[in-house]
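Colleague: This is the structure I want to talk about, given as structure tokens.
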Amino acid sequence: GVRLIGPKPEWVRADGGEAGLHPSNIHDNPYAIGAVDFTGDMPVILGPDGPSLGGFVCPVTIIEADLWQPGQLKAGDKVRFYPVSVEACHAAMNSQGPLPQGPLNTSGSGLVREGTIPGTENASDVPASSRASSLPHKVASLPSPIILDIGQGDKRLVARLSGDTHLLLEIGAPELDLVLRLRGHALMLALEAKALAGVIDLTPGIRSLQVHYRPEQLPLDQLLVIIAGEWDAVCAAKDLQVASRIVHLPLSWDDPACQLAIEKYMTTVRKDAPWCPSNLEFIRRINDLPNLNEVQRTVFDASYLVMGLGDVYLGAPVATPLDPRHRLVTTKYNPARTWTAENSVGIGGAYMCVYGMEGPGGYQFVGRTLQMWNRYREVAAFEGKPWLLRFFDQIRFYPVSADELLRIRRDFPLGRFALNIEHSTLNLADYQTFLTREADGIAAFRAQQQGAFNAERERWIANGQADFQSDEGVAPYIEELPLQAGQQGVESHIAGNLWQVQVQPGERVEAGDVLVILESMKMEIPLLAPVAGVVQEVRVQPGSAVRAGQRVVVLAAD
Numbered sequence: 001g002v003r004l005i006g007p008k009p010e011w012v013r014a015d016g017g018e019a020g021l022h023p024s025n026i027h028d029n030p031y032a033i034g035a036v037d038f039t040g041d042m043p044v045i046l047g048p049d050g051p052s053l054g055g056f057v058c059p060v061t062i063i064e065a066d067l068w069q070p071g072q073l074k075a076g077d078k079v080r081f082y083p084v085s086v087e088a089c090h091a092a093m094n095s096q097g098p099l100p101q102g103p104l105n106t107s108g109s110g111l112v113r114e115g116t117i118p119g120t121e122n123a124s125d126v127p128a129s130s131r132a133s134s135l136p137h138k139v140a141s142l143p144s145p146i147i148l149d150i151g152q153g154d155k156r157l158v159a160r161l162s163g164d165t166h167l168l169l170e171i172g173a174p175e176l177d178l179v180l181r182l183r184g185h186a187l188m189l190a191l192e193a194k195a196l197a198g199v200i201d202l203t204p205g206i207r208s209l210q211v212h213y214r215p216e217q218l219p220l221d222q223l224l225v226i227i228a229g230e231w232d233a234v235c236a237a238k239d240l241q242v243a244s245r246i247v248h249l250p251l252s253w254d255d256p257a258c259q260l261a262i263e264k265y266m267t268t269v270r271k272d273a274p275w276c277p278s279n280l281e282f283i284r285r286i287n288d289l290p291n292l293n294e295v296q297r298t299v300f301d302a303s304y305l306v307m308g309l310g311d312v313y314l315g316a317p318v319a320t321p322l323d324p325r326h327r328l329v330t331t332k333y334n335p336a337r338t339w340t341a342e343n344s345v346g347i348g349g350a351y352m353c354v355y356g357m358e359g360p361g362g363y364q365f366v367g368r369t370l371q372m373w374n375r376y377r378e379v380a381a382f383e384g385k386p387w388l389l390r391f392f393d394q395i396r397f398y399p400v401s402a403d404e405l406l407r408i409r410r411d412f413p414l415g416r417f418a419l420n421i422e423h424s425t426l427n428l429a430d431y432q433t434f435l436t437r438e439a440d441g442i443a444a445f446r447a448q449q450q451g452a453f454n455a456e457r458e459r460w461i462a463n464g465q466a467d468f469q470s471d472e473g474v475a476p477y478i479e480e481l482p483l484q485a486g487q488q489g490v491e492s493h494i495a496g497n498l499w500q501v502q503v504q505p506g507e508r509v510e511a512g513d514v515l516v517i518l519e520s521m522k523m524e525i526p527l528l529a530p531v532a533g534v535v536q537e538v539r540v541q542p543g544s545a546v547r548a549g550q551r552v553v554v555l556a557a558d
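In structure tokens form, the structure reads like this:
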């Protein structure tokens with residue numbers, strides 16, 4: 001996605017409840033392409049290669065006719081969003097017609113760049129010449145995005161617009177409740193069975209279902225009538241139950257890959273976050289557990305029910321313990337990590353996630369497991385699919401060492417490591433009977449947990465961490481001093497943050513030795529010595545911003 005830097009939003013609530021300590025945290029729901037996702041206080045425009053599901057609010061979605069624009073942005077550009085009507089969105093998309101053959105003529109469109117945005121609070125005052133939207137430059141009013149609201153309690157269904165081609169259906173109250181997830185699953189199956197022309201895909205969340213549709217084939221008002229009818233039928237159903245496999249997965253507790261990700265975060269993103277340097281200690285503190293052994297016991301005793309897949313990529317599960325007494329509640333990183341090792345296991349809000357691939361992230365680490373996605377060949381555990389897990393699987397972890405996990409991760413994609421998978425059924429009535437029987441113990445656990453959660457929030461307020469704002473920006477330009485005879489400068493060829501300095505002044509290096517390592521675009525980029533010589537100056541420090549072309553090291557060449 002495209003990461004933006006701007007003013008900190010003013011949140012109307014103190015926290016996200018079970019979803020996390022930061023007010024941006026929500027129960028994981030599907031994301032539309034073009035949504036502006038607030039990962040904590042930092043907005044990110046999600047592209048077609050972005051996550052399909054996640055636990056952050058998305059207050060704005062770019063219209064389909066303008067989805068080409070994020071791909072034209074470069075670092076330092078300024079962006080302004082302005083509201084438009086659904087009717088105008090459809091008119092703009094229809095007016096584009098088929099793509100022309102040959103080179104595109106872009107002379108009529110210019111992005112809103114620094115220097116062209118006037119100092120005004122009224123977006124309608126932005127001159128047409130400084131906008132690149134496909135729409136007529138008329139700003140719409142801001143009506144509620146809610147276009148359907150039916151039912152009561154856990155049978156309530158709210159439909160929200162998410163751009164002009166996505167509809168987000170939210171079920172019941174914003175709380176973690178298996179009844180809501182099962183009803184959402186039943187609604188998804190009912191809509192799939194109708195095979196509606198114009199519906200592209202259906203993506204379920206924890207208490208939500210996103211409908212991606214073509215409005216020119218299936219008008220919005222017709223779609224809403226169909227959804228309302230199917231919802232009535234879902235709510236009338238009795239005795240909901242689903243197939244539920246029990247999948248036993250190895251877990252390397254506090255794996256070295258997780259420790260490396262925390263180290264990189266502290267160096268390049270935020271060194272004084274409450275969850276650093278130990279995510280496990282943060283989990284213990286915010287849940288009022290007596291020691292780290294109790295954190296470990298809780299994770300290994302839990303049976304995590306898979307509520308969603310693709311959180312964030314490649315069939316990665318978002319799951320929560322069936323027994324509420326095993327639900328360790330945390331907040332997500334703010335700002336998010338720029339790097340997470342593939343198949344790291346983390347907890348965010350009341351949810352557990354296994355990261356499907358290397359990339360950014362925000363869940364608090366507990367360890368690392370084996371692959372959720374198989375890129376190579378058919379393996380029995382995957383049953384002919386590239387993703388391992390299914391909706392409503394139950395994940396149960398068992399401990400392995402870091403070295404043993406590396407062996408398992410080598411063998412599993414090749415079919416040389418067998419998973420233990422049991423087949424069972426999850427019955428809603430039986431589960432509700434269990435909750436009723438254990439109600440007193442569950443209530444006592446939640447009260448103790450909520451007290452620690454509130455205490456952590458007050459601690460943040462007292463020490464100023466609740467108002468954290470990233471000071472990241474473009475590295476200032478400083479005129480470089482001329483090099484002396486025999487000196488060799490080493491410049492960064494890309495903008496980023498400095499992660500590691502590998503050399504010290506006075507140290508001898510050979511051509512090709514690593515001098516410093518940058519972190520940019522979620523990649524580690526080493527800068528190498530172009531010649532042999534002695535290091536005279538290191539002009540950067542770990543965590544500092546580096547601009548393209550900036551001189552970072554000076555060598556005395558042989």
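By the count of the UniProt record's numbering, the sequence shown reaches residue 558 at its end, each step adding exactly one.
Just so it is clear, CB atoms sit at the ideal spot from N, CA and C, and this is done for glycine as well.
Predicted model, so just to flag it, every value in this text is computed and none were measured.
(1) Find out if the Cβ-Cβ distance for the pair V554, V535 is shorter than 9 Å.
(2) Let me make sure I understand the geometry here. Which of L182, P215, L218, L220 has the alpha-carbon closest to that of residue 559?
(3) Go ahead and pull the three-state DSSP assignment for C89.
(4) Do A257 and R375 have their CB atoms nearer than 9 Å?
(5) Quick one, which of N343, P274, L148 has its alpha-carbon nearest G229's?
(6) Would you report the Cα separation of P215 and V295, rounded to the nearest angstrom?
(7) Spell out a yes or no on whether the stretch 357-372 and the stretch 236-243 are touching, meaning 3 or more CB-CB pairs, one atom from each, closer than 8 Å.
(8) Determine the extent of the beta strand (DSSP E) in which G533 is found, giving its start and end residues.
(9) For I48, collect the residues of the same chain with a Cβ closer than 6 Å to its Cβ; drop the 5 residues on either side in sequence, then sort them by chain order.
(10) Using a Cβ-Cβ cutoff of less than 8 Å, which residues in the same chain neighbour E121 once the five nearest sequence positions on both sides are dropped?
(11) What residue range is occupied by the uninterrupted beta strand (DSSP E) comprising N427?
(12) Out of curiosity, what's the CA-to-CA distance linking Q259 and L249?
(13) Quick test of the definition: if touching needs 3 or more C-beta pairs under 8 Å, does the stretch 281-288 touch the stretch 445-458?
(14) Would you identify the three-state DSSP class for G110, choosing helix, strand or coil?
(15) Looking at C-beta atoms only, is the number of pairs between the stretch 217-225 and the stretch 189-198 that lie closer than 8 Å three or more?
(16) Using 10 angstroms around the beta-carbon of L481, count the other beta-carbons present and answer buried if the total reaches 16, otherwise exposed.
(17) Please name the residue or residues paired with M352 in a DSSP beta bridge.
(18) Taking the alpha-carbon of G40 as reference, which of D15, V60, G543 has the nearest alpha-carbon?
(19) Which partner residues does H248 have in the DSSP bridge list?
(20) Would you list the one or two residues that DSSP bridges to A557?
(21) If we ignore side chains and look at the alpha-carbon of each, how far apart do I146 and A92 end up?
(22) Would you kindly work out how many angstroms separate the C-alpha atoms of F392 and D164, rounded to a whole number?
(23) Count the other CB atoms within 10 Å of the CB of R270; is the residue buried (16 or more) or exposed (fewer)?
(24) Does the beta-carbon of F401 have 16 or more other beta-carbons within 10 angstroms, so that it is buried, or is it exposed?
(25) Under three-state DSSP, which class holds T267?
(26) Would you list the one or two residues that DSSP bridges to P505?
(27) For the beta strand (DSSP E) holding T340, just list the boundary residues, first then last.
(28) Could you please give the first and the last residue of the uninterrupted beta strand (DSSP E) stretch that includes G361?
(29) Exposed or buried, what is D37 when buried is set at 16 or more other beta-carbons lying within 10 Å of its beta-carbon?
(30) Starting from residue 639 and walking both ways along the alpha helix (DSSP H), at which residues does that stretch end?
(31) Alpha carbon to alpha carbon, what distance is there between E524 and L388?
(32) Buried or exposed for G486, going by 16 or more other Cβ atoms inside 10 Å?
(33) Going by beta carbon distance, what residues of the same chain come within less than 6 Å of V86, once the five residues before and after it are set aside?
(34) If P30 sits next to G172, beta carbons under 8 Å apart, how far is it from one beta carbon to the other, in whole angstroms?
(35) Please state the DSSP three-state secondary structure of S95.
(36) When the Cβ atoms of the stretch 498-513 are set against those of the stretch 530-546, are three or more pairs found closer than 8 Å?
Modeller: Short version:
(1) yes
(2) For the chain, the structure presents residues 1 to 558; residue 559 sits outside this window and is missing.
(3) helix
(4) no
(5) L148
(6) 49 Å
(7) no
(8) 533-538
(9) It should be pointed out that residue 48 corresponds to Pro in this sequence rather than to Ile. Same-chain partners within the cutoff: I33.
(10) Any reading at E121 needs caution, since the residue's pLDDT is 36, under 50, leaving its predicted position unreliable; the model's value is listed next. Closer than 8 Å at Cβ, skipping near neighbours: no residue.
(11) 420-427
(12) 21 Å
(13) yes
(14) A caution first: G110 carries a pLDDT of 35, below 50, which makes its placement in the model too unreliable to give a value.
(15) yes
(16) exposed
(17) A319, I347
(18) D15
(19) R396, N420
(20) G533
(21) 22 Å
(22) 31 Å
(23) buried
(24) Note that residue 401 corresponds to Ser in the displayed sequence, not to Phe. Exposed.
(25) helix
(26) Beta-bridge pairing links P505 to no other residue.
(27) 337-340
(28) 359-361
(29) buried
(30) No information on residue 639 is available, as it lies outside the stretch 1 to 558 that the chain covers here.
(31) 29 Å
(32) exposed
(33) D164
(34) Contact flag wrong, Cβ pair sits at about 17 Å.
(35) helix
(36) yes
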